[in-house]
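S.K.: For the protein sequence lines, the chains are A and B, in the order given. Residue numbers for the first sequence follow the working numbering, beginning at 94 and rising by one. Residue numbers for the second sequence follow the working numbering, beginning at 94 and rising by one. Could you have a look at this structure, given as structure tokens, before my questions?
Protein chains: 2
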Amino acid sequence: MQSEHRNRILKAQSEMQRRGVSRMFIGPGSNLFYLTGIRAMMSERIYLLQLPAIGKASLLLPTFERLGAEDSGIDAEIIEWSDATGPDAATKAFIADASSGTVGVDDQLWSAFLLDLQTLAPKASWTKASMIMQELRSRKSEAEIKLMKEAAAIADKTFAELTQQKFTGKKESQIAAEIQRLLLMHGQEQMQFGIVGSGPNGAKPHHEASDRVIQPGDSIVLDFGGTYKGYQSDMTRMVVVKDGSLDPEYERVHDIVNQANAAAHAAVKIGAACEDVDRAARKVISDAGYGDYFTHRTGHGIGIDVHEHPYIRQGNREVLDEGMAFSIEPGVYLPGRFGVRIEDIAICRENGSENINLTPHSVTIVQ
Amino acid sequence: MQSEHRNRILKAQSEMQRRGVSRMFIGPGSNLFYLTGIRAMMSERIYLLQLPAIGKASLLLPTFERLGAEDSGIDAEIIEWSDATGPDAATKAFIADASSGTVGVDDQLWSAFLLDLQTLAPKASWTKASMIMQELRSRKSEAEIKLMKEAAAIADKTFAELTQQKFTGKKESQIAAEIQRLLLMHGQEQMQFGIVGSGPNGAKPHHEASDRVIQPGDSIVLDFGGTYKGYQSDMTRMVVVKDGSLDPEYERVHDIVNQANAAAHAAVKIGAACEDVDRAARKVISDAGYGDYFTHRTGHGIGIDVHEHPYIRQGNREVLDEGMAFSIEPGVYLPGRFGVRIEDIAICRENGSENINLTPHSVTIVQ
């Protein structure tokens, strides 16, 4: 990927020139990983990539991070600091050239570091680096899409094996732990979230996994994802526990949500606006009389972050382009009763939406 | 804990008055959890607690977070926004009173949100909320220390069971997965890190866990921690795999690091400076001729965050007070050969250091 990283840095610089951003400061996290391949965690020890619109990058980092940075093969001047000296002098030297102009700062950088930078460069005008980075990151390369498909395949495998197991009598949290075990066993590095919303808990869109014991007749929202080689999976499917009395409205709602999901996929094309995709899903649900129960946006971009640009929501006129990757996840939530959500990751292609989650949308019956 | 949270808010406000901070903006994360008990994750959806120096708090949050916030019992005005409307109007209304004065911002808040706040309140002067929060958070209450001891007890149990298992022939990553399984089984919510540094990998202080296969005669750095009811554990112990040829210098280095650990514990007392504790550990290692191989600070505060104030490092004159909790983790790293680190969490008490990690410091021999 080294030449891919070099290309990304050149593209970022060309975008910076176009938009009049003189330099960017990027912290450990998804933007640093995207531009350099370096995996580092944001912490109290200051660590920054400085990318000027023209010229060579530089890195400010704690001594013990030096090897990891050099392993990436990045062509950058490295300014390091140690616990013994502290970061102050090194930071001052690092930022010396950034005294003015429009400077982009990583959206997810901790505010404490931005305040330090603002003190050291009081004449600079600060803006969000996402202005530059979202242009690049929202359009996935084929290499990135391949990794996202591998992440999604692990989720498919996990779902298939999970639903062979017994659900009745287990706590939601036990099912979540089993999802984690399967994701890791099949090669993901980390589970990022594991929502198990059984029965009435399914009606809370951001419920995680509780001590509730699963009963026959429960419908269950299973929404989980994790990281594979730096890229995220995210899929939601519905299961129903057999031998109980399922809510009589369940099948109708499931069918409507599934139609809404299909309508959103059908609205995906190069040149369509994000809000058009949202509207397509929302119309199906509203026409069926459940509009008040679809309480969130239709989707979010995904890649190195679980949530990133583009956001598939009302009012977002951003236009879809080839290679954009985002969730399509309409839902209907009937308080106190149940919820239904069906979620795929769509890639915007020349001929429309490519769905990378291969698990069928139909209800899976479990024991 | 509701009355404990009310007290914390009152203490924060009194500290703000004393230091001339007119209000603070706190994002989802450890400061929000400390002040209110609310558990929320930082995401692209703006979520802020506004705490004025005098008067009632207010919350800006996405609609679906409202219930979780109300469950905390917090006495605050709530301004909510939905995916349909977006956050702009709500954020403007929320910040209306913050147009000037010195405003504290959560150190870990994403910079994108700070830039938004700075645009909406251009006359305010921004400072780090840690100036207020570290005063409070670094002194743990007995209720907090109880949770930290429970977290530590789970780490002790995990170490005891782990070291009954076979190490030879396993990958470091398999041992890390087993640590995770045991931490979760014994009641932690999440593993935060699991370092398994075998043989020469132990000489890299921030090595995590690789595909290296563990051999007889390896010494192994095991440094792991996770979260229990919102509080962190963090402990490092050494194991040696039997039936191989251990590096002849190992036992001497282990003994010196252990003495350095003891010297740091002995330096802990109310009124001592953080740098004094660091110096005590460093002196033992330097006097033995290994000073160049102890490349990091002696420790870090711990509580809701794995790393927080106070930092036990050279040059930090901050003074220890009753209830402060921090790691003592001297180490010696011989490149290409092995490393030794022994880490406890110390609580500063009236009569000195209380070590909450009960696993012995001696080498544990494993198969």
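Glycine residues also receive a C-beta, built at the ideal position from the N, C-alpha and C atoms.
1. Mapping DSSP to helix, strand and coil, what is G318 (chain A)?
2. So W174 (chain B) contacts chain A; which residues on that side make the cut at Cβ distance below 7 Å?
3. Check the Cβ of G179 (chain B) against every Cβ in chain A and list those closer than 7 Å, keeping chain order.
4. Within the continuous alpha helix (DSSP H) that includes Q352 (chain B), where are the two ends?
5. For chain B, is any of its Cβ atoms less than 8 Å away from the one on S193 (chain A)?
6. Identify whether T261 (chain B) lies in helix, strand or coil by the three-state DSSP scheme.
7. Give the interface partners of E137 (chain A) over in chain B, defined as CB-CB distance under 7 Å, in chain order.
8. Please name the residue, chosen from B:K250, B:H393, B:V196 and B:D164, that lies closest to L217 (chain B) on a Cα-to-Cα basis.
9. Determine, using beta carbons only, whether E246 (chain A) and M328 (chain A) come nearer to each other than 8 Å.
10. In this structure, does DSSP put H279 (chain A) in helix, strand or coil?
11. For E235 (chain A), tell me which candidate among A:E97, A:R434 and A:E265 has the shortest Cα-Cα distance.
12. With A183 (chain B) and L160 (chain B) assumed to form a contact (beta carbons below 8 Å), what rounded beta-carbon distance in angstroms separates them?
13. Identify the contact partners of T388 (chain B) in chain A, using a Cβ-Cβ distance below 9 Å as the criterion.
14. Report the neighbours of P121 (chain B) on chain A: residues whose CB is nearer than 8 Å to its CB, in chain order.
15. Is it the case that the CB of A217 (chain A) approaches a heavy atom of the ligand FMN more closely than 7 Å?
16. Give me the subset of the region 197-210 of chain B whose CB atoms are less than 8 Å from a CB atom of chain A, sorted by chain position.
17. Please check if any C-beta of chain B sits within less than 8 Å of the C-beta of K216 (chain A).
18. Which of the residues in the region 441-460 of chain B, read from start to end, lie with their CB under 8 Å from any CB of chain A?
19. Quick one: does H279 (chain B) have its CB under 8 Å from some CB of chain A?
20. Using a Cβ-Cβ distance cut-off of 8 Å, determine whether S223 (chain B) contacts chain A.
21. Looking at the structure shown, is V456 (chain B) part of a helix, part of a strand, or coil, going by DSSP?
22. Show which residues of chain B have a CB atom less than 8 Å away from the CB atom of P403 (chain A).
23. If N351 (chain B) sits next to A374 (chain B), beta carbons under 8 Å apart, how far is it from one beta carbon to the other, in whole angstroms?
24. Whose Cβ in chain A lies nearer than 7 Å to the Cβ of H299 (chain B)?
25. Look up C441 (chain A) in the DSSP assignment and give the residues it is bridged to.
26. Helix, strand or coil for P155 (chain A) per DSSP?
27. Does any residue of chain A have a CB that is nearer than 8 Å to the CB of A462 (chain B)?
28. Return the bridge partner residues of Q325 (chain B) from the DSSP annotation.
29. I believe T129 (chain B) touches L142 (chain B) by the beta-carbon criterion, under 8 Å. Please report the beta-carbon distance rounded to the nearest angstrom.
30. Per DSSP, which one or two residues make a beta bridge with H393 (chain B)?
31. Pairing CB atoms from the region 413-432 of chain A with CB atoms from the region 384-392 of chain A, are three or more of them under 8 Å?
32. To the nearest angstrom, how far is it from the Cα of S107 (chain A) to the Cα of Q283 (chain A)?
33. Return helix, strand or coil for L125 (chain B), following the three-state DSSP convention.
34. Looking at I405 (chain B): is its Cβ nearer than 8 Å to the Cβ of C441 (chain B)?
35. With H, G and I counted as helix, E and B as strand and the rest as coil, what does DSSP make of A191 (chain B)?
36. The beta strand (DSSP E) that contains S338 (chain A), what's its start and end?
M.R.: Quick look at the numbers:
1. Within the first sequence, residue 318 (chain A) is the residue found at index 225, counting from 1. Looking at G318 (chain A) - three-state DSSP - the assignment turns out to be strand.
2. Taking the second sequence and counting its residues from 1, one reaches residue 174 (chain B) at position 81. Below the 7 Å Cβ cutoff, chain A contributes no neighbours of W174 (chain B), its closest Cβ being approximately 12 Å away.
3. Locating residue 179 (chain B) in the second sequence gives position 86, counting from the first residue. In chain order: G408.
4. As a first step, residue 352 (chain B) is located in the second sequence; it is residue number 259 there, counting from the start. Its alpha helix (DSSP H) spans residues Y343 to A360.
5. Counting from 1 along the first sequence, the entry for residue 193 (chain A) is found at position 100. Answer no: the Cβ-Cβ gap between S193 (chain A) and chain B never drops below 8 Å.
6. Sequence index remark: in the second sequence, residue 261 (chain B) carries index 168 (1-based). It is coil, neither helix nor strand.
7. Along the first sequence, one-based indexing puts residue 137 (chain A) at 44. Result: H400.
8. Taking the second sequence and counting its residues from 1, one reaches residue 217 (chain B) at position 124. Checking the sequence, you will find Ala at residue 217 (chain B) rather than Leu. When only C-alpha atoms are compared, the closest one is B:V196.
9. The count along the first sequence starts at 1 and reaches residue 246 (chain A) at position 153. The count along the first sequence starts at 1 and reaches residue 328 (chain A) at position 235. Before going further, note that residue 246 (chain A) is Ala rather than Glu in the sequence given. Taking 8 Å as the Cβ cut-off, A246 (chain A) and M328 (chain A) do not qualify as a contacting pair.
10. Here residue 279 (chain A) refers to the residue found at position 186 of the first sequence. Coil.
11. Residue mapping note: residue 235 (chain A) aligns to position 142 of the first sequence, counting from 1. Answer by Cα proximity: A:E97.
12. Residue mapping note: residue 183 (chain B) aligns to position 90 of the second sequence, counting from 1. Residue mapping note: residue 160 (chain B) aligns to position 67 of the second sequence, counting from 1. Their Cβ separation, rounded to whole angstroms, is 17 Å, which puts A183 (chain B) and L160 (chain B) out of contact at 8 Å.
13. As a position in the second sequence, residue 388 (chain B) is number 295, starting the count at 1. Near T388 (chain B) (Cβ distances below 9 Å), the residues of chain A are T156, F157, S175, D176 and A177.
14. As a first step, residue 121 (chain B) is located in the second sequence; it is residue number 28 there, counting from the start. Taking a Cβ-Cβ cut-off of 8 Å, P121 (chain B) has no neighbours in chain A, whose nearest Cβ is about 12 Å from it.
15. Ligands displayed in this structure: none; no statement on the ligand FMN is therefore possible.
16. Residues of the region 197-210 of chain B with a C-beta less than 8 Å from any C-beta of chain A: V198, D199, D200, Q201, L202, W203, S204, A205, F206, L207 and L208, listed in chain order.
17. One-based indexing of the first sequence puts residue 216 (chain A) at position 123. Contacts with chain B at 8 Å (Cβ-Cβ) do not include K216 (chain A).
18. Under the 8 Å Cβ criterion, the region 441-460 of chain B contributes no residue.
19. Within the second sequence, residue 279 (chain B) is the residue found at index 186, counting from 1. H279 (chain B) does not count as touching chain A.
20. Reading the second sequence from its first residue, position 130 is the one you call residue 223 (chain B). Closer than 8 Å: yes.
21. Against the second sequence, residue 456 (chain B) aligns to sequence position 363. In this structure, V456 (chain B) counts as coil in the three-state DSSP scheme.
22. Walking along the first sequence from the start, residue 403 (chain A) turns up at place 310. For P403 (chain A), no chain B residue has a C-beta closer than 8 Å to its own C-beta; the minimum C-beta separation is roughly 12 Å.
23. Mapped onto the second sequence, residue 351 (chain B) falls at position 258. Mapped onto the second sequence, residue 374 (chain B) falls at position 281. Contact flag wrong, Cβ pair sits at about 11 Å.
24. The residue labelled residue 299 (chain B) in the question sits at position 206 within the second sequence. Going along chain A in sequence order, the residues near H299 (chain B) (Cβ under 7 Å) are F157.
25. By 1-based counting over the first sequence, the position of residue 441 (chain A) is 348. Per DSSP, A:S446.
26. As a working note, residue 155 (chain A) is residue 62 in the first sequence. Strand.
27. Outside the shown range of chain B, which is 94 to 460, sits residue 462 (chain B), and nothing can be said about it.
28. Taking the second sequence and counting its residues from 1, the one referred to as residue 325 (chain B) is at position 232. According to DSSP, Q325 (chain B) bridges with B:T320.
29. Along the second sequence, read from residue 1 onward, the residue named residue 129 (chain B) stands at position 36. Along the second sequence, read from residue 1 onward, the residue named residue 142 (chain B) stands at position 49. Confirmed, about 7 Å.
30. By 1-based counting over the second sequence, the position of residue 393 (chain B) is 300. DSSP lists B:Y404 as the beta-bridge partner residues of H393 (chain B).
31. Counting C-beta pairs with one atom in each stretch, the region 413-432 of chain A and the region 384-392 of chain A have three or more that are closer than 8 Å, which means they touch.
32. As a first step, residue 107 (chain A) must be located in the first sequence, where it is residue number 14. As a first step, residue 283 (chain A) must be located in the first sequence, where it is residue number 190. The straight-line gap separating the alpha-carbon atoms of S107 (chain A) and Q283 (chain A) is approximately 34 Å.
33. Translated into positions along the second sequence, residue 125 (chain B) becomes position 32. It is helical.
34. Position 312 of the second sequence holds residue 405 (chain B). Position 348 of the second sequence holds residue 441 (chain B). For I405 (chain B) and C441 (chain B), no; Cβs fall outside 8 Å.
35. For the purposes of this step, residue 191 (chain B) is taken as residue 98 along the second sequence, with counting starting at 1. Correct three-state label for A191 (chain B): coil.
36. Translated into positions along the first sequence, residue 338 (chain A) becomes position 245. DSSP places S338 (chain A) in no beta strand (DSSP E); its state is neither H nor E.
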